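What follows is a short report on a single structure.
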Amino acid sequence: MSALPQGVNAQFQPQPPVDKTEASISVVPLDVPGQQPRNQVQDEEPESKKVIVCYNCKEPGHYSRDCP
Numbered sequence: 001m002s003a004l005p006q007g008v009n010a011q012f013q014p015q016p017p018v019d020k021t022e023a024s025i026s027v028v029p030l031d032v033p034g035q036q037p038r039n040q041v042q043d044e045e046p047e048s049k050k051v052i053v054c055y056n057c058k059e060p061g062h063y064s065r066d067c068p
C-alpha cells in the first residue's frame, strides 16, 4: 500500500525532456540606458571610506572580533 493519499499522482503531469543544448540562462545586457551595474552606482561611498564601528563597544575603527 502506498503512503500517499489516493489522487495525489493525478495532480502531477509528466514533463517533456529537457534539451540540454539550449542555454538555461538568458543574458541581459548591462548597457540599458538609465541603469548602472550595482557596483558602479555613484551615490555610494567606496568601501575604503566607510567608517567601521564595533558592535560591542560602539567605538569607530575596529570590528567586534578585534575589540580590546
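Per full-length UniProt numbering: the sequence shown = residues 1 to 68.
We put the beta carbon where it would ideally sit given N, CA and C, even for glycine.
Computed from a predicted structure; not experimentally measured.
#1: Identify, in the order they occur along the chain, each residue of the same chain with its Cβ nearer than 7 Å to the Cβ of Ile52, setting aside the five sequence neighbours on each side.
#2: CA-CA distance, Tyr55 and Pro68?
#3: List the DSSP bridge partners of Val53.
Quick look at the numbers:
#1: Pro60, Gly61, His62 and Tyr63
#2: 12 Å
#3: Pro60
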